[in-house]
Amino acid sequence: MSASMTGDQLAVAFQQASDLAKAGRHFEAEALVDRILAVAPSSFLALMLKADLLVEAGKRRTATSFYSAAARIARSYSGDITHIESEVQRAEQFCAQSSKLYEEFLRDHLKSEGFAVSDPASRFGMSLDILFGRQQRYAQEPTLFYYPDIPTIQFYKRQDFPWVAGVESVWEEIRSELEGYFEHGQEFSPYLTSSSEAVQLHRTPLLDNPDWGALYLQQDSRLLVEHARAFPKTMEAFRHVPLCDIPGRTPSILFSLLRPGTHIPAHTGLLNVRLICHLPLIVPAGCQFRVGNQIRDWKEGEMLVFNDSIEHEAWNNSDHQRVILLFEVWRPELAEEERVFIRSLFQAIEAFDAHQ
238 MSASMTGDQL AVAFQQASDL AKAGRHFEAE ALVDRILAVA PSSFLALMLK ADLLVEAGKR
298 RTATSFYSAA ARIARSYSGD ITHIESEVQR AEQFCAQSSK LYEEFLRDHL KSEGFAVSDP
358 ASRFGMSLDI LFGRQQRYAQ EPTLFYYPDI PTIQFYKRQD FPWVAGVESV WEEIRSELEG
418 YFEHGQEFSP YLTSSSEAVQ LHRTPLLDNP DWGALYLQQD SRLLVEHARA FPKTMEAFRH
478 VPLCDIPGRT PSILFSLLRP GTHIPAHTGL LNVRLICHLP LIVPAGCQFR VGNQIRDWKE
538 GEMLVFNDSI EHEAWNNSDH QRVILLFEVW RPELAEEERV FIRSLFQAIE AFDAHQ
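Heads up: the sequence shown begins at 238 in this note's numbering, then just goes up one per residue.
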């Protein structure tokens with residue numbers, strides 16, 4: 238078979254392969270199908286016949302990849318696929334059943350070997366969900382600065398940070414200060430604000446919208462003295478917290494408000510050298526938060542520590558506002574020397590920008 242063939246020649250070759258398969262001459266049929274696929278690797282009919290022949294040979298796992306490829310190609314067609322719809326569904330059903338059997342076999346084997354596979358939040362549990370296609374892989378994708386060779390962890394265990402217990406111990410006092418602020422009729426500003434110096438190719442409905450509000454005590458490393466004075470116990474709680482201190486950039490300490498029915502779309506943060514901390518203060522039922530492929534419920538007084546350079550989003554599906562205290566800490570994987578280098582780098586960036 239030549240390296241290139243016309244459509245008519247491919248149709249003839251496929252019919253020959255199909256006839257060989259029907260005659261039980263599977264070895265010859267598969268050899269001919271392989272030659273067809275070498276010339277036309279996206280041929281739906283050839284992929285399906287190849288998969289069918291592999292099933293006949295008892296190679297169901299290998300057949301799954303061919304059925305899957307055939308179904309993906311058919312679903313990507315821009316034209317009408319009504320004439321092959323039943324075959325596409327047959328391929329998809331085979332793949333689904335094959336995946337189910339594969340997962341059940343592996344889980345049963347692991348259980349028999351004494352491995353605990355029931356915790357989806359564990360690293361091993363997540364690896365299984367990714368393997369079985371239940372979850373997708375997420376990478377660190379900061380929009381401004383990427384620091385290599387640090388782990389891609391979505392949520393950190395709050396117990397691994399010795400300072401967390403101290404902040405959590407005063408969460409009710411922090412909430413009381415916040416409630417006093419509300420009693421004086423104070424308002425939050427929109428978290429996202431427009432700027433004539435920022436490109437806005439995709440305008441989000443939350444831009445300049447107080448449905449996602451913020452009250453900063455410290456913003457981009459600058460202390461907002463008047464606000465900070467109104468929250469003395471809150472500011473005192475940070476005495477022993479390793480805030481990510483990059484002059485002109487971080488830390489920010491703020492109360493973040495999400496009004497009823499508001500959804501913060503999926504996005505990633507600027508840097509992967511810091512972690513974001515949420516101390517939930519007012520959390521009605523129906524509020525959730527996703528980082529990568531893990532979804533958590535905020536629990537009042539219980540810290541969440543996460544990597545915001547991984548895609549994340551939030552929902553308030555309740556009838557009441559949700560408020561958290563948000564702040565930034567250094568990634569624990571970074572040595573002090575590296576933190577010094579990062580500070581110096583951003584000081585140089587600030588100096589360059591100032592002279593342009």
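Cβ atoms here follow ideal geometry from the backbone N, Cα and C, with glycine treated the same way.
Open item on the list: Less than 7 Å between C-beta atoms, sequence neighbours within five positions excluded: which residues of the same chain meet that for Q372?
Closed with: Here the question's residue 372 lines up with position 135 in the sequence shown. Same-chain partners within the cutoff: M363, D366 and N530.
TODO: Please classify E574: does DSSP put it in a helix, a strand, or coil?
DONE: For the purposes of this step, residue 574 is identified with residue 337 of the sequence shown, where counting begins at 1. Helix, per DSSP.
Open item on the list: Which of the three DSSP states is assigned to T299 in this structure?
Closed with: Working through the sequence shown from its first residue, we reach residue 299 at position 62. Helix.
Task: The alpha helix (DSSP H) enclosing I387, as first and last residue numbers - done: Within the sequence shown, the letter at position 150 stands for residue 387. DSSP places I387 in no alpha helix (DSSP H); its state is neither H nor E.
Open item on the list: Strictly by DSSP, which residues pair up with N554?
Closed with: Position 317 of the sequence shown holds residue 554. None, per the DSSP bridge assignment.
Task: Exposure of I532, with buried meaning 16 or more beta-carbon neighbours within 10 Å - done: Position 295 of the sequence shown, counted from the first residue, corresponds to residue 532. I532 comes out exposed.
- [ ] Let me know the alpha helix (DSSP H) ranges lying completely inside the region 506 to 573, each 4 residues or longer, listed in chain order.
- [x] Fully enclosed alpha helix (DSSP H) runs of 4 or longer: not present.
Open item on the list: Quick test of the definition: if touching needs 3 or more C-beta pairs under 8 Å, does the region 552 to 566 touch the region 483 to 498?
Closed with: The region 552 to 566, when compared against the region 483 to 498, does touch it at the 8 Å Cβ threshold.
Open item on the list: Taking 7 Å as the cut-off, is the C-beta of G506 nearer than that to any heavy atom in the ligand MG?
Closed with: The ligand MG is not among the ligands present in this structure, which contains no ligands whatsoever.
Open item on the list: Restricting to Cα atoms, I'd like to know which of L508, G523, C514 and H504 is closest to G498.
Closed with: As a first step, residue 498 must be located in the sequence shown, where it is residue number 261. Looking from the CA of G498, the closest CA among L508, G523, C514 and H504 belongs to G523.
Task: Cβ contact check for the region 271 to 285 and the region 245 to 254: 3 or more pairs under 8 Å - done: They touch, by the three-pair rule.
Task: Of the listed residues L282, A300, P569 and R360, nearest to P479 (C-alpha basis) - done: Looking up residue 479 in the sequence shown gives position 242. When C-alpha distances from P479 are compared across L282, A300, P569 and R360, the shortest belongs to P569.
Open item on the list: Nearest by alpha-carbon distance to A474: which of S406, E463 and G295 is it?
Closed with: The residue given as residue 474 occupies position 237 in the sequence shown. Comparing Cα positions, the closest option is S406.
Open item on the list: Tell me which residue opens and which closes the beta strand (DSSP E) that G370 is part of.
Closed with: As a working mapping, residue 370 is identified with position 133 in the sequence shown. For G370, no beta strand (DSSP E) run applies, since DSSP gives it neither H nor E.
TODO: List the DSSP bridge partners of L429.
DONE: For the purposes of this step, residue 429 is taken as the residue at position 192 of the sequence shown. Answer is L444.
- [ ] Sort out for me which residues DSSP pairs H346 with in a bridge.
- [x] Indexing the sequence shown from 1 puts residue 346 at position 109. Answer by DSSP bridge pairing: none, since H346 is not bridged.
TODO: Write down the C-beta distance between Y383 and N509 rounded to the nearest angstrom, noting that I regard them as a contact closer than 8 Å.
DONE: Taking the first residue of the sequence shown as 1, we reach residue 383 at position 146. Taking the first residue of the sequence shown as 1, we reach residue 509 at position 272. Between Y383 and N509, the beta carbon gap of about 6 Å places them in contact (Cβ cut-off 8 Å).
Open item on the list: Using the three-state DSSP reduction, which class does G450 fall into: helix, strand or coil?
Closed with: Stepping through the sequence shown from its first residue, residue 450 is reached at position 213. Annotated three-state conformation of G450 is strand, per DSSP.
Task: Alpha carbon of T389 to alpha carbon of G450, nearest angstrom - done: For the purposes of this step, residue 389 is identified with residue 152 of the sequence shown, where counting begins at 1. For the purposes of this step, residue 450 is identified with residue 213 of the sequence shown, where counting begins at 1. The alpha-carbon atoms of T389 and G450 are separated by roughly 29 Å.
Task: Whole-number beta carbon distance between F303 and A288, since they are thought to touch under 8 Å - done: The sequence position of residue 288 within the sequence shown is 51, counting from 1. The sequence position of residue 303 within the sequence shown is 66, counting from 1. A288 to F303, Cβ: 4 Å. Contact.
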